[in-house]
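Read top to bottom, the protein sequences are chains E and R. Just so you know, we're using numbering that gives the first Met the number 0 here: the first sequence kicks off at 0 and counts up by one. Just so you know, we're using numbering that gives the first Met the number 0 here: the second sequence kicks off at 0 and counts up by one.
There are 2 protein chains.
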Amino acid sequence: MQRSLSEFPQPAVAVDLALMSVSGARLKVLVLHRTDAESVGGRWALPGGFVHIDMSLDDAVARVLRDKANLDSAYLEQLGTFGALDRDPRGRVISVVYFALTSTAKLRTAMDGKSSLKLADIIVPWEGEQGGPISIANGQGITLDLAFDHDVILGHVVKRLRGKLDYSTIGLELLPPRFTLRDAQEIHEAILGRKLGKPAFRRKLLDRGLIRATGEREAASAFRPAELYERIDRH
Amino acid sequence: MQRSLSEFPQPAVAVDLALMSVSGARLKVLVLHRTDAESVGGRWALPGGFVHIDMSLDDAVARVLRDKANLDSAYLEQLGTFGALDRDPRGRVISVVYFALTSTAKLRTAMDGKSSLKLADIIVPWEGEQGGPISIANGQGITLDLAFDHDVILGHVVKRLRGKLDYSTIGLELLPPRFTLRDAQEIHEAILGRKLGKPAFRRKLLDRGLIRATGEREAASAFRPAELYERIDRH
DNA sequence: CCAAAAGTGTTGCCGTTACACCCATGT
DNA sequence: ACATGGGTGTAACGGCAACACTTTTGG
Numbered sequence: 000m001q002r003s004l005s006e007f008p009q010p011a012v013a014v015d016l017a018l019m020s021v022s023g024a025r026l027k028v029l030v031l032h033r034t035d036a037e038s039v040g041g042r043w044a045l046p047g048g049f050v051h052i053d054m055s056l057d058d059a060v061a062r063v064l065r066d067k068a069n070l071d072s073a074y075l076e077q078l079g080t081f082g083a084l085d086r087d088p089r090g091r092v093i094s095v096v097y098f099a100l101t102s103t104a105k106l107r108t109a110m111d112g113k114s115s116l117k118l119a120d121i122i123v124p125w126e127g128e129q130g131g132p133i134s135i136a137n138g139q140g141i142t143l144d145l146a147f148d149h150d151v152i153l154g155h156v157v158k159r160l161r162g163k164l165d166y167s168t169i170g171l172e173l174l175p176p177r178f179t180l181r182d183a184q185e186i187h188e189a190i191l192g193r194k195l196g197k198p199a200f201r202r203k204l205l206d207r208g209l210i211r212a213t214g215e216r217e218a219a220s221a222f223r224p225a226e227l228y229e230r231i232d233r234h
Numbered sequence: 000m001q002r003s004l005s006e007f008p009q010p011a012v013a014v015d016l017a018l019m020s021v022s023g024a025r026l027k028v029l030v031l032h033r034t035d036a037e038s039v040g041g042r043w044a045l046p047g048g049f050v051h052i053d054m055s056l057d058d059a060v061a062r063v064l065r066d067k068a069n070l071d072s073a074y075l076e077q078l079g080t081f082g083a084l085d086r087d088p089r090g091r092v093i094s095v096v097y098f099a100l101t102s103t104a105k106l107r108t109a110m111d112g113k114s115s116l117k118l119a120d121i122i123v124p125w126e127g128e129q130g131g132p133i134s135i136a137n138g139q140g141i142t143l144d145l146a147f148d149h150d151v152i153l154g155h156v157v158k159r160l161r162g163k164l165d166y167s168t169i170g171l172e173l174l175p176p177r178f179t180l181r182d183a184q185e186i187h188e189a190i191l192g193r194k195l196g197k198p199a200f201r202r203k204l205l206d207r208g209l210i211r212a213t214g215e216r217e218a219a220s221a222f223r224p225a226e227l228y229e230r231i232d233r234h
């Protein structure tokens with residue numbers, strides 16, 4: 000069995016990272032402009048990297064997060080593993096995909112100066128949790144070509160986010176340390192792709208006991224300022 | 000990039016299969032007695048196999064299902080990928096885990112004569128969807144030692160099954176083509192590890208429109224025979 | 001005092017649960 | 001006739017959503 004490690008040609012193992020955020024009421028993903036091989040050059044791809052023999056999968060994702068996205072922490076979750084024979088035209092690569100969630104505030108400072116990175120808009124062509132590939136666009140609505148099977152992978156990410164949104168805390172992972180309830184609602188609406196009722200949303204979030212009012216108010220730009228809330232971290 | 004396939008030592012990629020079933024009101028899993036390496040010999044493990052360079056992940060699972068479990072079809076779903084450095088004492092192996100569901104009727108005929116296979120009882124030491132490793136036992140309540148991290152993996156399988164049970168059709172995958180509503184309830188109770196109310200269960204299942212009454216009755220052993228139902232397969 | 005957005009109280013709907021009952025069958 | 005498990009009706013409960021309302025701020 001140990002022999003099969005060296006005797007036969009092995010598939011390569013990579014991790015790919017879908018780093019998601021919400022800004023301006025839109026769901027976003029961090030993509031990287033590829034210029035390396037002719038077959039993928041000019042397209043956009045999720046940041047990733049190979050899994051070396053002395054790295055655990057967790058090590059490998061942490062490394063991608065740090066080296067490619069310039070972040071040292073984020074909510075991370077394994078999505079699934081993609082292993083079709085022809086998914087990478089340059090060779091046989093099995094990719095273990097994770098997604099990460101952060102606030103755009105943190106993400107924008109991390110991206111500062113890195114010109115090959117872009118925070119693309121996500122365009123979901125289906126409703127609810129139906130599923131299927133999605134596409135991405137720049138701020139002006141121009142579609143950006145995705146490399147490999149990353150359109151399918153991102154479809155799975157959106158499906159997972161929509162499915163877990165109301166029985167988990169993933170919605171809160173996209174918020175900065177302090178936020179208003181309207182911020183939280185905007186994030187939920189961006190992920191689900193539909194409007195929610197204000198009173199229902201407020202109560203559901205508060206009844207779950209995961210957030211706490213700070214007593215402070217947002218810096219009012221106009222009209223009544225909303226109260227700032229923060230997460231209660233159960234250790 | 001293609002060079003990294005050969006220049007550096009690569010982790011090996013395997014698929015492992017958790018073939019689950021319910022019989023006698025207990026959740027079961029198919030395990031294989033390992034005698035190969037000293038470090039794992041004597042223990043029980045999930046059937047698995049390496050992913051060769053010309054096999055997709057789907058090919059690899061199908062092969063394990065056929066060669067190791069002697070089945071040519073079953074409900075299959077990817078669970079996740081496990082890649083800790085020390086999970087296999089014999090070398091660096093990343094394992095993509097799938098679970099499969101079948102009726103015990105089908106499974107028992109497939110296992111016929113294969114003496115290294117055992118259909119072990121699953122012992123869940125936690126309630127609900129809390130999670131954590133589980134253990135397995137033979138019919139007499141004697142614990143069987145699991146190899147590798149398969150105790151943790153099976154914990155994830157049970158958690159996934161419990162989580163998906165009432166918004167998906169996985170419960171029906173464990174039933175033979177024709178079944179009574181009591182059979183279905185028994186399967187749900189075995190997975191959840193708790194009793195359910197009969198009227199509530201009946202109605203929920205029927206209202207979902209996934210099963211149809213056949214008009215026929217079970218072969219009555221005693222008292223009133225129950226009606227036989229079958230799945231409605233949406234193509 | 002007005003406009004606009006924050007935040008709350010009330011009501012009604014719907015799905016689920018619990019309990020009690022009736023039905024069908026073999027002995 | 002009766003014991004036993006199959007199958008159904010009904011009423012109470014609780015979560016969720018819609019609506020209307022009050023409150024607070026800047027101008």
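The beta carbon of each residue, even a glycine, is placed where N, CA and C say it ideally should be. As the structure is a computational prediction, the values presented were derived from the model and not from experiment.
**Asked** Which value, in whole angstroms, describes the spacing of the CA atoms of V157(E) and D15(R)?
**Response** Stepping through the first sequence from its first residue, residue 157(E) is reached at position 158. Stepping through the second sequence from its first residue, residue 15(R) is reached at position 16. Taking the straight line joining both Cα atoms gives about 27 angstroms.
**Bridge-paired residues (DSSP) for K113(E)** = As a first step, residue 113(E) is located in the first sequence; it is residue number 114 there, counting from the start. According to DSSP, K113(E) bridges with nothing at all.
**Item:** Beta-bridge pairing of E229(E) - partner residues as DSSP gives them
**Value:** Within the first sequence, numbered from 1, the residue matching residue 229(E) stands at position 230. When beta bridges are read from the DSSP output, E229(E) appears opposite R177(E) and R211(E).
**Request:** Would you please state the rounded distance, in angstroms, between the beta carbons of A212(R) and R42(R)? I believe it to be under 8 angstroms.
**Result:** Here residue 212(R) is taken as the residue at index 213 of the second sequence, counted from 1. Here residue 42(R) is taken as the residue at index 43 of the second sequence, counted from 1. Going by Cβ atoms, the distance from A212(R) to R42(R) rounds to 46 angstroms, so no, they are not a contact pair.
**Asked** In chain E, which residues lie less than 9 angstroms from F7(R) when you measure between Cβ atoms?
**Response** Here residue 7(R) refers to the residue found at position 8 when the second sequence is read from its first residue. Near F7(R) (Cβ distances below 9 angstroms), the residues of chain E are F49, H51 and I52.
**Request:** Can you give me, in chain order, the residues of the region 57-91 of chain R that have a beta carbon less than 7 angstroms from any beta carbon in chain E?
**Result:** Q77, G79, T80, G82, A83, L84, R89, G90 and R91
**Item:** For R33(E), the three-state DSSP class (helix, strand or coil)
**Value:** Along the first sequence, read from residue 1 onward, the residue named residue 33(E) stands at position 34. Taken through DSSP and simplified to helix, strand or coil, R33(E) comes out as coil.
**Prompt:** Looking at the C-beta of Q1(E), does it have a partner C-beta in chain R at a distance below 8 angstroms?
**Reply:** For this step, residue 1(E) is matched to residue 2 along the first sequence. Confidence at Q1(E) is low in this model, with a pLDDT of 43, below 50, so the placement of that residue should be treated as unreliable; the coordinate-derived value is given next. Closer than 8 angstroms: yes.
**Asked** Is it true that the CB of L31(R) sits closer than 8 angstroms to the CB of K67(R)?
**Response** The residue you call residue 67(R) lines up with position 68 of the second sequence. The residue you call residue 31(R) lines up with position 32 of the second sequence. Yes, they are a contact pair.
**Asked** How long is the line joining the alpha carbons of R177(R) and A104(R), rounded to whole angstroms?
**Response** As a working note, residue 177(R) is residue 178 in the second sequence. As a working note, residue 104(R) is residue 105 in the second sequence. When rounded, the distance between both Cα atoms is 12 angstroms.
**Prompt:** With distances taken from CA atoms, which of L100(R), G130(R), R233(R) and P10(R) is nearest L29(R)?
**Reply:** Your numbering for residue 29(R) matches position 30 in the second sequence. For L29(R), the nearest C-alpha among the options comes from L100(R).
**Sequence-distant residues of its chain with Cβ nearer than 6 angstroms to A199(E) (five each side left out)** = Counting from one through the first sequence, the residue named residue 199(E) turns up at place 200. No residues qualify anywhere along the chain.
**Asked** When the cut-off is 8 angstroms and only beta carbons count, does I152(R) lie next to chain E?
**Response** In the second sequence, residue 152(R) corresponds to position 153, counting from 1. Chain E, which has no Cβ nearer than 8 angstroms to the Cβ of I152(R), makes this no.
**Asked** So is K113(R) buried or exposed if we call it buried at 16+ other beta carbons inside 10 Å?
**Response** Counted from its first residue, the second sequence places residue 113(R) at position 114. Its Cβ having fewer than 16 others within 10 Å, K113(R) is exposed.
**Request:** Counting only runs of 3+ residues fully inside the region 124-186 of chain E, write out the beta strand (DSSP E) ranges in chain order.
**Result:** 134-136, all fully within the region 124-186 of chain E.
**Asked** Excluding sequence positions up to five away, which residues of its chain have a Cβ less than 7 angstroms from the Cβ of Q1(R)?
**Response** Position 2 of the second sequence, counted from the first residue, corresponds to residue 1(R). Summary for Q1(R): the model assigns pLDDT 43, below 50, so the residue's position carries little reliability, and this model does not support an answer.
**Prompt:** Would DSSP call V63(E) helix, strand or coil?
**Reply:** One-based indexing of the first sequence puts residue 63(E) at position 64. Three-state DSSP puts V63(E) in a helix.
**Assumed close pair L209(E), I190(E) - CB separation to whole angstroms, cut-off 8 angstroms** = Position 210 of the first sequence, counted from the first residue, corresponds to residue 209(E). Position 191 of the first sequence, counted from the first residue, corresponds to residue 190(E). So it is not a contact: roughly 17 angstroms between Cβ atoms.
**Request:** Spell out whether any CB of chain E is found under 8 angstroms from the CB atom of I93(R).
**Result:** By one-based count along the second sequence, residue 93(R) stands at place 94. Yes - at least one Cβ of chain E is within 8 angstroms of the one on I93(R).
**Request:** Would you tell me roughly how many angstroms separate the C-alpha atoms of S72(R) and L64(R), rounded to the nearest one?
**Result:** Stepping through the second sequence from its first residue, residue 72(R) is reached at position 73. Stepping through the second sequence from its first residue, residue 64(R) is reached at position 65. Near 8 angstroms, if we compare the C-alpha coordinates of L64(R) and S72(R).
**Asked** Applying the criterion that 16 or more other CB atoms from any shown protein chain within 10 Å of the CB defines a buried residue, is S94(E) buried or exposed?
**Response** The residue you call residue 94(E) lines up with position 95 of the first sequence. Buried, since its Cβ has 16 or more Cβ neighbours within 10 Å.
**Message:** Taking 8 angstroms as the threshold (beta carbon to beta carbon), is V157(E) in contact with chain R?
**Reply:** Within the first sequence, the letter at position 158 stands for residue 157(E). By this cut-off, V157(E) is not an interface position.
**Prompt:** Is there a Cβ from chain E that is less than 8 angstroms from the Cβ of P132(R)?
**Reply:** Start at 1 with the first residue of the second sequence, and residue 132(R) comes out as number 133. Chain E contact via Cβ: absent.
**Asked** Can you tell me where the alpha helix (DSSP H) with L240(E) in it begins and where it stops?
**Response** Nothing can be reported for residue 240(E), as the shown portion of chain E is limited to 0 through 234.
**Message:** According to DSSP, simplified to helix, strand and coil, what is T80(R)?
**Reply:** Indexing the second sequence from 1 puts residue 80(R) at position 81. Look at T80(R) here: in three-state DSSP terms it is strand.
**Message:** Please report the straight-line C-alpha distance between D182(E) and E217(E), rounded to a whole angstrom.
**Reply:** Counting from 1 along the first sequence, the entry for residue 182(E) is found at position 183. Counting from 1 along the first sequence, the entry for residue 217(E) is found at position 218. Our two residues, D182(E) and E217(E), have alpha carbons roughly 11 angstroms apart in a direct line.
**Request:** Output yes if chain R places a C-beta closer than 8 angstroms to the C-beta of P46(E); else output no.
**Result:** Along the first sequence, one-based indexing puts residue 46(E) at 47. Judged by the 8 angstroms Cβ criterion, P46(E) is not in contact with chain R.
**Request:** Determine whether the Cβ of A11(R) lies closer than 8 angstroms to any Cβ atom of chain E.
**Result:** Translated into positions along the second sequence, residue 11(R) becomes position 12. Yes, because at least one Cβ of chain E sits closer than 8 angstroms to the Cβ of A11(R).
**Request:** Return the chain-ordered list of same chain residues with a C-beta closer than 8 angstroms to the C-beta of D148(E), the five sequence neighbours on each side being excluded.
**Result:** Working through the first sequence from its first residue, we reach residue 148(E) at position 149. Within the same chain, D148(E) has close Cβ partners F81, A83 and R86.
**Message:** Closest to I52(R) by C-alpha separation, out of Q9(R), P46(R) and V21(R), would be which residue?
**Reply:** Locating residue 52(R) in the second sequence gives position 53, counting from the first residue. Taking only the C-alpha atoms, the option nearest I52(R) is Q9(R).
**Message:** I believe L180(R) touches Y228(R) by the beta-carbon criterion, under 8 angstroms. Please report the beta-carbon distance rounded to the nearest angstrom.
**Reply:** Position 181 of the second sequence holds residue 180(R). Position 229 of the second sequence holds residue 228(R). With a Cβ gap of about 7 angstroms, L180(R) and Y228(R) count as contacting.
**Request:** Spell out whether any CB of chain R is found under 8 angstroms from the CB atom of S55(E).
**Result:** The count along the first sequence starts at 1 and reaches residue 55(E) at position 56. Judged by the 8 angstroms Cβ criterion, S55(E) is in contact with chain R.
**Message:** According to DSSP, simplified to helix, strand and coil, what is D120(R)?
**Reply:** The count along the second sequence starts at 1 and reaches residue 120(R) at position 121. Three-state DSSP puts D120(R) in a strand.
**Between the CA atoms of A36(E) and M110(E) - distance to the nearest angstrom** = Counting from one through the first sequence, the residue named residue 110(E) turns up at place 111. Counting from one through the first sequence, the residue named residue 36(E) turns up at place 37. So the alpha carbons of these two residues sit roughly 24 angstroms apart.
**Message:** In the DSSP output, what is A44(E) paired with across the bridge?
**Reply:** Along the first sequence, one-based indexing puts residue 44(E) at 45. In the DSSP output, where bridge partners are listed per residue, A44(E) has L31(E).
**Item:** P46(E): CB within 7 angstroms of a non-hydrogen atom of the ligand FAD
**Value:** As presented, the structure is devoid of all ligands, the ligand FAD included, so that no description of it is given.
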